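Residue numbers (the numbering used here), protein chains in the order written: chain A, 1 to 455; chain B, 1001 to 1146.
Each residue gets a CB set at the ideal place from its N, CA and C atoms; glycine is no exception.
Since this is a predicted model, take the numbers as computed values, not measurements.
The structure appears below as structure tokens.
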Amino acid sequence: MKYQSQKIAYWFFALCMLLFSLQIVYGFIMGFARIGMDGLHDFIPFNTARAVHTNLLVVWLLAGFMGAAYYIIPEEAQREIVSVKWAYIQLISLAVVGVAAITGYHFNIWEGRKFLEIPRELDYLVVVNVLLFLGLILATLFKSKRQTTTAMVLTMGLVFAALLYLPGMIWFDSQVTDSFFRWWVVHLWVEGVWELIMGGILAFLLIKLTGVDREVIEKWLYVIVGLTFLSGILGTGHHYYYIGVNKIWLVVGGIFSALEPLAFLAMALFAVYMYRKGERNHPNKIALFWTVGASIVSFIGAGLLGFAHTLPQTNLYTHGTLVTAMHGHYAFWGAYVMIVLAIISYAMPNLTGRKRHDNTNGHLAFWLSNIGMLGMVTALGVAGVVQVYLERRLGMDFMVAQEEVKIHFVVMLLCATMFATGIGMYIYEFIKYGRPTDEALKVPAVEEDNKVLVH
Amino acid sequence: MLSKSQARAFFLGGTVVTFLIFIGLTIYSLAPSNDQTNHENITEQVVKGKHIWETNNCMGCHSIMGEGGYYAPELTKVIDRRGEPLIKAILQSPVPWAPNGRKMVAYEMSDEDAEAMIEYLKWIGEIDLNGFDRIVSPLARERMKD
Ligand code: HEM
Ligand code: HEM
Ligand SMILES: [Fe+2]
């Protein structure tokens, strides 16, 4: 750790770990409800569990992105964050808004718009919070003499993410228009600006871990985010096929969303290629696994599994089935969860001065969670295909078809247990060895040590 | 070989062009002449129904026009499939409705609320969904054959 203010990142990451574990608990509640064990129905009905599960995911990923920014920006800008005090205020207010929203969901206080369940009153607080965060980051960059592409792309992603939150706050009388603009938030986040954030973090990690020249890495970063927007903006059309708007979206959405996997493919090739080209032998193997893993699994989860149901002819049958849930899990996992876990794994040893780089526990956490998640996704996929066939092709009643796929949720829960064990080990490692120390300021980062060795 | 500034131009150019097309298409598809939703039929009751739909997060279990949870049936053509009286009874039931074991929340809605909800679902049922309505409702599919 070079800059005192990078320590702020630790507390954001700690918030991530807390909310992530709660998210998993609510996932289990839903999984059990699906196999008939819904003893909690009176207190936590399925819609509450679902809203909590998905919103916690979004909030903790945002906390992770913010933590990543507080870690990366000082290093890229070569100066401290302008105000540490305000950064902590921002952290606390984020946690308060998040917890207030989640609590409200247990008392029927919400907005019932998938993924954007936060009531509008709290939306305004979210806006203030994000403005404060952006203010701190932008002021830091502004006062610095050094503006890198990596920092710019990361910041641009964060600024656009904030702007795109706004269309989701407008009220419409028509469900169709409501849904239309809801996708401006949800789709343009995960298949647009969040990819910039992911790309920025990925580029930073690759520069640090592989030692490849910054100019080369940043050039390809532009190509990747270029592909992202080129395909992703018009690709929004894949949510407009069957919600009551013009057929033109079947053509536009079909063509452009089919191109979206290219950005993820580019990201995977980029990471693997830079890893091979790199001559630096960075000791932080765990961070390297999460980093390269994120680029590959996001290509499978978002790219391939997204492509699998994005053509209008297919989507006509899979729209709104468990096939979507299958893709949703693997895409979020590969792209965003894994990249946040990667930056945490990279940052922790530097914040603490402890060289937890290559230990068994960390590797086990990686493999157990990844294999567990793959199993969950496979179970969901099988359930989804069976559902599509029985319900949408044979015209079987919804609940009759659901009975048929129940068994796959038993399998899913078994895999989820393996997954949760892996995440448990990751969090254990974080709690046990994660606390930042001031001594760490004196320990030069491994990269500096290495430069002497390599060159 | 591609230079960094060419790569940046590709990024900025592609973004601006596709974004402008996107805005154009948005205006086009929301234009009143392209309406597929019978917008003029959105009565006060339908709006009220939408409000109830949202404040209870019905979408947390059900889907509508294919959007929502996957725990409970798709409701796009539900009035068509089940008829008004049954839907009203479900909305007003004092105990969780659970014909197949999976429970719905007991909302115990007033007459007024239940009727607004039904108007909302009726309006949804009339929207032209580019063919999706036939897939989610076997009844609608049967009718198409005749
Ligand atoms: C990391 C990137 C991605 C994430 C996190 C993600 C996540 C999700 C989620 C959560 C949904 C469910 C949305 C809802 O129904 O409310 C969804 C739907 C969908 N995604 Fe993705 N996705 C990603 C990338 C992609 C890509 C690259 C493609 C196409 C190649 C794609 C194709 C689709 C399609 C077609 C649907 C609609 C499914 C339906 O009709 O029910 N996704 N995605
Ligand atoms: C113990 C682990 C988990 C279990 C048992 C679980 C279970 C579930 C269930 C049952 C649903 C609801 C599907 C429905 O509407 O019927 C769901 C939704 C969802 N979960 Fe998980 N989950 C787990 C972990 C995760 C993780 C780690 C992520 C992120 C990577 C995640 C992301 C999502 C998303 C995005 C949705 C919404 C999907 C959609 O609407 O298409 N879940 N989960
Ligand atoms: Fe999308």
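Rank the options by C-alpha distance to the C-alpha of residue i and give the top, closest one.
| i | options | result |
| --- | --- | --- |
| residue 241(A) | 157(A), 229(A), 190(A) and 319(A) | 319(A) |
| residue 361(A) | 421(A), 136(A), 56(A) and 51(A) | 421(A) |
| residue 392(A) | 197(A), 48(A) and 317(A) | 317(A) |
| residue 181(A) | 1013(B), 1029(B) and 1016(B) | 1029(B) |
| residue 85(A) | 13(A), 4(A) and 28(A) | 4(A) |
| residue 194(A) | 331(A), 276(A) and 251(A) | 331(A) |
| residue 412(A) | 76(A), 89(A), 381(A) and 277(A) | 381(A) |
| residue 398(A) | 1067(B), 1036(B) and 1074(B) | 1074(B) |
| residue 69(A) | 415(A), 253(A) and 6(A) | 6(A) |
| residue 280(A) | 210(A), 224(A) and 443(A) | 210(A) |
| residue 365(A) | 342(A), 8(A) and 95(A) | 342(A) |
| residue 296(A) | 286(A), 285(A), 308(A) and 271(A) | 271(A) |
| residue 1072(B) | 376(A), 321(A) and 434(A) | 321(A) |
| residue 155(A) | 65(A), 371(A) and 190(A) | 65(A) |
| residue 139(A) | 79(A), 346(A) and 325(A) | 79(A) |
| residue 255(A) | 311(A), 338(A) and 2(A) | 311(A) |
| residue 1084(B) | 1100(B), 1118(B) and 1105(B) | 1118(B) |
| residue 1212(B) | 1019(B), 1008(B), 1014(B) and 1039(B) | One cannot answer for residue 1212(B) here, as it falls past the ends of chain B, which runs 1001 to 1146. |
| residue 1060(B) | 109(A), 10(A), 90(A) and 67(A) | 109(A) |
| residue 136(A) | 127(A), 83(A), 128(A) and 124(A) | 83(A) |
For a contact defined as C-beta to C-beta under 7 Å, what are the partners of residue i on chain B?
| i | result |
| --- | --- |
| residue 174(A) | 1037, 1039 and 1042 |
| residue 215(A) | 1004 |
| residue 319(A) | 1066 and 1132 |
| residue 117(A) | 1057 |
So which residues on chain A does residue i lean against when the C-beta distance must stay under 9 Å?
| i | result |
| --- | --- |
| residue 1008(B) | 149, 219, 222 and 226 |
| residue 1082(B) | Within 9 Å Cβ-Cβ: nothing; residue 1082(B) doesn't reach chain A, min ~11 Å. |
| residue 1021(B) | 233, 234 and 252 |
| residue 1079(B) | Going along chain A, no residue has its Cβ under 9 Å from residue 1079(B), so there is no contact; the nearest lies around 15 Å. |
So, is residue i buried or exposed, given that buried needs 16 or more other C-beta atoms within 10 angstroms?
| i | result |
| --- | --- |
| residue 288(A) | buried |
| residue 13(A) | buried |
| residue 1079(B) | buried |
| residue 183(A) | buried |
| residue 148(A) | buried |
| residue 1032(B) | exposed |
| residue 453(A) | With a pLDDT of 42 at residue 453(A), under the threshold of 50, the modelled position of that residue is not reliable, and no figure is offered here. |
| residue 196(A) | buried |
| residue 72(A) | buried |
| residue 266(A) | buried |
| residue 1094(B) | exposed |
| residue 171(A) | exposed |
| residue 120(A) | exposed |
| residue 63(A) | buried |
So with CB distances below 8 Å, who are the chain A contacts of residue i?
| i | result |
| --- | --- |
| residue 1095(B) | By Cβ distance, chain A contributes nothing, its closest Cβ being about 11 Å from residue 1095(B), past 8 Å. |
| residue 1125(B) | None at all; the shortest Cβ gap to chain A is about 11 Å. |
| residue 1129(B) | 242, 243 and 244 |
According to DSSP, is residue i helix, strand or coil?
| i | result |
| --- | --- |
| residue 1005(B) | helix |
| residue 144(A) | coil |
| residue 168(A) | helix |
| residue 320(A) | coil |
| residue 1064(B) | strand |
| residue 1119(B) | helix |
| residue 439(A) | helix |
| residue 391(A) | helix |
| residue 1074(B) | strand |
| residue 1043(B) | coil |
| residue 1012(B) | helix |
| residue 1129(B) | coil |
| residue 75(A) | helix |
| residue 1048(B) | helix |
| residue 1018(B) | helix |
| residue 40(A) | coil |
| residue 454(A) | Bear in mind that the predicted position of residue 454(A) carries a pLDDT of just 42, short of 50, making it unreliable; the figure below should be weighed with that in mind. Residue 454(A) falls in the helix class under three-state DSSP. |
| residue 81(A) | coil |
| residue 356(A) | coil |
Output, in chain order, the set of chain A residues within a Cβ distance shorter than 7 Å of residue i.
| i | result |
| --- | --- |
| residue 1148(B) | Examination of residue 1148(B) is not possible in this model, given that chain B is present from 1001 through 1146 alone. |
| residue 1086(B) | Those within 7 Å of residue 1086(B) in chain A number zero; the least Cβ separation is about 14 Å. |
| residue 1090(B) | Result: empty, since nearest Cβ-Cβ is about 13 Å, beyond 7 Å. |
Given that residue i touches chain B, what residues does it touch there, using C-beta distances under 9 Å?
| i | result |
| --- | --- |
| residue 110(A) | 1054, 1055, 1056, 1057 and 1060 |
| residue 103(A) | Near residue 103(A) there are no residues of chain B at all, since even the closest Cβ is about 15 Å away, more than 9 Å. |
Give me the chain B residues within the contact set of residue i, using Cβ-Cβ distance strictly less than 8 Å, ordered along the chain.
| i | result |
| --- | --- |
| residue 246(A) | 1028, 1029, 1034 and 1036 |
| residue 179(A) | 1065 and 1067 |
Would you say the beta carbon of residue i comes nearer than 8 Å to a heavy atom of ligand 4?
| i | result |
| --- | --- |
| residue 414(A) | Of the ligands this structure carries, namely ligand 1, ligand 2 and ligand 3, none is ligand 4. |
Residues around ligand 3, please: the condition is that the C-beta lies closer than 6 Å to some non-hydrogen atom of it.
187(A), 191(A), 238(A) and 239(A)
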